[in-house]
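Step one of this worksheet: look at the structure below.
There are 2 protein chains.
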Amino acid sequence: MTQQPRNGRAPSVKDVAAAAGVSLGTVSNVLNRPAVVSTATRERVERAMADLGFVRNESARQLRAGTSRALAYVMLDGGNPFFQDVAEGIEIAADAADLSLFVCNSGGRAERESRHLDRLVQQRVQGILITPVDPDAPHLAEIARRGTPFVMVDRLSTAGGHCSVAVDDVLGGRIAVEHLIDRGHERVAFVGGPGSVGQVRERCQGAREVWEEFGRPAEDLIHLPTEALTVGEGRSAGERLAGLPSRRRPTAAFCANDLLALGLLQHAVSAGLRVPDDLAIVGFDDIDFAAAAAVPLTSVRQPRQELGRTAARLVLDEAANPDHRHEQATFVPALVARASTGAVRR
Amino acid sequence: MTQQPRNGRAPSVKDVAAAAGVSLGTVSNVLNRPAVVSTATRERVERAMADLGFVRNESARQLRAGTSRALAYVMLDGGNPFFQDVAEGIEIAADAADLSLFVCNSGGRAERESRHLDRLVQQRVQGILITPVDPDAPHLAEIARRGTPFVMVDRLSTAGGHCSVAVDDVLGGRIAVEHLIDRGHERVAFVGGPGSVGQVRERCQGAREVWEEFGRPAEDLIHLPTEALTVGEGRSAGERLAGLPSRRRPTAAFCANDLLALGLLQHAVSAGLRVPDDLAIVGFDDIDFAAAAAVPLTSVRQPRQELGRTAARLVLDEAANPDHRHEQATFVPALVARASTGAVRR
DNA sequence: CGAGGTGGTTGAAATGTTTCATTCGTGGTG
DNA sequence: CACCACGAATGAAACATTTCAACCACCTCG
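Top line first, the protein sequences correspond to chains A and B.
When the first sequence is numbered by the working numbering, its final residue is 387 and no position is left out of the sequence of numbers.
When the second sequence is numbered by the working numbering, its final residue is 387 and no position is left out of the sequence of numbers.
Structure (structure tokens):
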């Protein structure tokens with residue numbers, strides 16, 4: 042804990058070597074192969090490091106090693122707790138592998154995503170996990186071409202030039218709507234958009250499929266489009282829903298994610314609709330706030346942390362294992378029934 | 042966009058130089074001082090870079106420059122949207138300065154925080170923003186001693202050896218409780234804990250101060266302690282509150298943050314209490330979910346993004362400006378009145 | 001006594017970039 | 001024609017680390 046007067050430059054291995062009276066190679070050995078150096082010198086070196094307040098310079102290590110000790114996750118929407126939970130899963134895995142994790146947020150904007158990716162490639166991160174704005178964007182293909190391992194999260198790979206980790210969204214849509222049919226609803230709204238988001242399309246498709254299979258008329262599954270997957274958009278969908286003529290008004294809504302569902306719920310309550318009696322609601326993702334809503338939300342649960350952990354595992358395998366095979370990991374979503382569909386006595 | 046066959050190594054300036062038939066110094070000039078190189082050669086070099094798919098190696102730059110082009114934010118609780126918003130503000134500032142941002146999450150665990158800090162110092166980040174688990178922890182002092190600029194976020198510095206950015210939490214507590222007194226409440230609960238969290242202590246103190254100033258008996262301000270600032274703890278506080286004998290049961294609760302308030306709200310609603318008629322609730326932070334709750338939450342607003350932006354500004358100043366003066370930036374919180382205190386007709 | 005091994009240490013090379021003093025060539029000026 | 005100035009390009013050094021072949025005592029065994 043003693044300390045040389047700050048001379049403006051952080052002490053390097055060279056300084057440590059000088060202070061301990063050994064060669065620079067020996068210091069490096071103490072750092073990387075403590076076993077090969079004799080106890081006496083090792084202690085001397087360690088003491089010198091402590092005295093000088095030596096800290097390894099990671100950039101120099103990287104330069105030499107050719108790759109950094111970091112992983113990156115570029116998430117689609119930092120404001121959505123779902124992605125935070127995925128990130129948490131990734132961080133756990135990164136931590137276990139003793140890697141740093143860059144968490145970036147594209148906020149749904151392709152140009153911001155692309156800037157992040159550029160920086161990450163420059164940093165020579167070991168791998169990139171990404172929930173992309175557009176899975177077919179050229180800058181993604183570019184990454185793959187460069188050879189940086191990358192894994193798509195929450196989106197199944199179409200091309201197959203890389204790993205991906207996702208939940209079966211079509212199945213999720215089916216489960217949700219089947220639950221509503223089960224509970225006797227005959228007119229149901231699907232709330233979600235924009236259609237450019239694959240997750241929305243697939244959840245909607247699942248809903249449609251099951252609706253048809255039960256022989257329900259297509260016009261009784263009403264699509265309420267939204268411009269984003271946010272609470273605000275959920276509220277506005279609520280307004281439109283409340284404005285429908287009662288003849289057409291659905292008795293239940295399946296929302297493409299929980300944020301929409303919470304917004305819808307809020308508007309419904311404040312408009313005096315009783316949930317679930319006047320309007321049942323199913324969300325998607327099962328974020329913590331879903332259970333915490335004033336009327337706890339029925340939702341389709343995704344294994345959020347596990348999604349992240351698996352993605353990290355795959356990207357690490359790709360980085361380390363020369364004969365890595367790309368993998369498309371699919372998880373099965375599950376319905377969590379709560380009060381918002383009357384599945385639980387309040 | 043043409044591309045040499047991958048020979049296993051990413052192309053370097055040297056390769057570009059060879060391909061363009063110029064010296065390595067010239068390539069560097071094209072990269073860093075395009076003005077000094079003639080148009081003809083510049084174009085030749087740029088073409089070579091594109092052909093080879095050249096990407097600057099950030100570690101080598103760093104090594105040479107002695108510092109990285111990155112900032113870091115170590116947040117206290119990634120699950121709390123408040124910190125996400127602060128992070129968003131920081132990211133905006135980092136982006137403007139063309140810096141990468143490491144976002145780390147200590148999750149309230151000192152040992153995890155310390156591991157993150159170690160890594161960040163090794164990376165030679167330009168500066169560290171942190172909402173610490175314990176502002177007096179020795180590893181923080183250590184950072185300062187090493188000379189890495191750092192700024193405390195959402196926590197005022199006591200020692201003053203560094204900048205800090207925070208909201209006046211005592212004032213926030215005062216505002217909240219004053220609002221409740223205004224609305225005629227005579228028995229109020231303060232919900233929050235643990236006491237080791239400075240923010241909680243100060244918000245509580247503000248509440249007490251104003252309560253006394255209005256001449257209210259101390260025993261009518263009831264402290265309901267919690268073990269964390271989470272929705273779950275809010276629910277459990279709700280149970281305890283509901284269990285109080287009606288003689289002592291408060292008609293209003295001031296929660297140390299919005300997560301607690303949402304949990305409390307949820308339990309209250311499911312226990313059949315009407316909010317705000319049977320129980321008024323005030324939260325703290327004004328996260329987006331507060332407005333989105335089924336009974337929109339009255340809350341004490343902090344300028345979340347601005348907190349982040351300011352913190353980033355300060356740390357950048359400290360990194361760049363040799364005669365930087367440490368600054369304690371304090372923001373003024375503001376009450377946002379909503380339905381949960383009956384301040385707005387539903 | 002010499003050969004061979006061994007545990008410990010060393011020195012040099014290599015990683016990719018930036019900087020800076022130097023050199024080169026050319027065109028203008030006295 | 002000699003000199004200078006100037007724009008353009010160059011080459012070497014420096015940054016902090018890791019690796020690896022070489023080396024050095026010293027010991028053991030034949």
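Beta carbons: idealized from backbone N, C-alpha and C, even for Gly.
I'd like to know whether the C-beta of residue i is nearer than 9 Å to at least one C-beta of chain A.
i, result
"B/Pro122", "yes"
"B/Val336", "yes"
"B/Gly388", "Because chain B is modelled from 42 through 387, residue 388 of chain B falls outside the range shown and cannot be assessed."
"B/Leu72", "no"
"B/Val272", "yes"
"B/Arg215", "no"
"B/Thr43", "Only weak support exists for where B/Thr43 lies, its pLDDT of 42 falling under 50; the coordinates are left without a value."
"B/Arg354", "no"
"B/Gly383", "no"
"B/Gly236", "no"
"B/Arg345", "no"
"B/Arg228", "no"
"B/Arg224", "no"
"B/Gly202", "no"
"B/Arg276", "yes"
Use the C-beta contact count for residue i: other C-beta atoms within 10 angstroms, 16 or more gives buried, fewer gives exposed.
i, result
"A/Gly168", "buried"
"A/Asp318", "exposed"
"B/Val77", "exposed"
"A/Thr189", "buried"
"B/Glu260", "exposed"
"A/His264", "exposed"
"A/Ser205", "buried"
"A/Thr80", "exposed"
"B/Arg288", "exposed"
"A/Arg387", "A caution first: A/Arg387 carries a pLDDT of 43, below 50, which makes its placement in the model unreliable, though a value can still be read off. It counts as exposed."
Within 9 Å of any Cβ in chain B, is that where the Cβ of residue i sits?
i, result
"A/Ala283", "no"
"A/Asn146", "yes"
"A/Arg350", "no"
"A/Arg50", "yes"
"A/Gly107", "yes"
"A/Arg387", "Any answer about A/Arg387 is weak, because its pLDDT of 43 lies below 50 and its placement is not dependable; what the coordinates show is given next. At least one chain B Cβ lies under 9 Å of A/Arg387."
"A/Ala138", "no"
"A/Ala380", "yes"
"A/Pro46", "The pLDDT assigned to A/Pro46 is 41, lower than 50, so where the model puts this residue is not dependable; a value taken from the coordinates is nonetheless given after this. No, A/Pro46 lies away from the interface with chain B (no Cβ there is under 9 Å from its Cβ)."
"A/Arg187", "yes"
"A/Gly119", "yes"
"A/Arg342", "no"
Which residue marks the beginning of the beta strand (DSSP E) containing residue i, and which one marks its end?
i, result
"A/His308", "That residue, A/His308, is in no beta strand (DSSP E); its alpha helix (DSSP H) goes 299-311."
"A/Asp431", "Nothing in the structure corresponds to residue 431 of chain A, since chain A is present only between 42 and 387."
"B/Phe295", "293-296"
"A/Gly168", "168-171"
"B/Ala111", "111-116"
"A/Phe95", "Premise fails: A/Phe95 is in no beta strand (DSSP E) and is neither H nor E."
"A/His264", "262-265"
For residue i, which residues of its own chain have a beta-carbon under 8 Å away from its beta-carbon, when the five flanking residues on both sides are left out?
i, result
"A/Gly110", "A quick correction: the sequence has Arg, not Gly, at residue 110 of chain A. Closer than 8 Å at the Cβ level, and outside the excluded window around A/Arg110, lie Glu99, Arg102, Gln103, Asp139, Leu140, Ser141, Gln167."
"B/Gln346", "Asp126, Val127, Glu129, Gly130, Ile133"
"B/Asp209", "Thr371, Phe372, Val373, Pro374"
"A/Arg276", "Gly304, Leu305, Gln307, His308"
May I ask which residues mark the beginning and end of the alpha helix (DSSP H) holding residue i?
i, result
"A/Asn73", "65-73"
"B/Phe372", "That residue, B/Phe372, is in no alpha helix (DSSP H); its beta strand (DSSP E) goes 369-372."
"B/Gly213", "210-223"
"A/Val251", "239-254"
"A/Leu142", "That residue, A/Leu142, is in no alpha helix (DSSP H); its beta strand (DSSP E) goes 141-146."
Got a sec? Which residues, its chain only, sit under 6 Å from residue i by beta carbon, not counting five neighbours each side?
i, result
"A/Ile222", "Phe255"
"B/Leu320", "Ala309, Leu314"
"A/Val144", "Tyr114, Ala128"
"A/Thr271", "Leu300"
Whose C-beta lies closer than 7 Å to the C-beta of residue i among residues of the same chain, with five residues either side of it excluded?
i, result
"A/Pro122", "Ile328, Asp329, Phe330"
"B/Asp56", "Leu93"
"A/Glu359", "Gly168, Pro190, Cys204, His365"
"B/Arg50", "none"
Residues of the segment 298-332 of chain B whose Cβ lies closer than 9 Å to any Cβ of chain A, in chain order: Only those residues of the segment 298-332 of chain B whose C-beta falls short of 9 Å from the nearest C-beta of chain A are listed: Leu300, Leu303, Gly304, Leu306, Gln307, Ala309, Val310, Ser311, Gly313, Val316, Asp329, Phe330, Ala332.
- prompt: Relative to chain A, which residues along the segment 76-104 of chain B have a C-beta separation below 9 Å, given in chain order?
  reply: If the cut-off is 9 Å between Cβ atoms, the segment 76-104 of chain B has Gly94, Val96, Arg97, Asn98, Glu99, Ser100, Ala101, Arg102, Gln103, Leu104 near chain A.
- request: Mind checking the segment 123-135 of chain B against chain A and listing, in chain order, the residues whose C-beta falls within less than 9 Å of any C-beta there?
  value: Listed by position, the residues of the segment 123-135 of chain B near chain A (Cβ gap below 9 Å) are Gln125, Asp126, Ala128, Glu129, Glu132.
- request: Could you run through the segment 142-176 of chain A and flag, in chain order, every residue whose CB is less than 9 Å away from some CB of chain B?
  value: Leu142, Phe143, Val144, Cys145, Asn146, Gly148, Arg153, Arg156, His157, Asp159, Arg160, Leu161, Val162, Gln163, Gln164, Arg165
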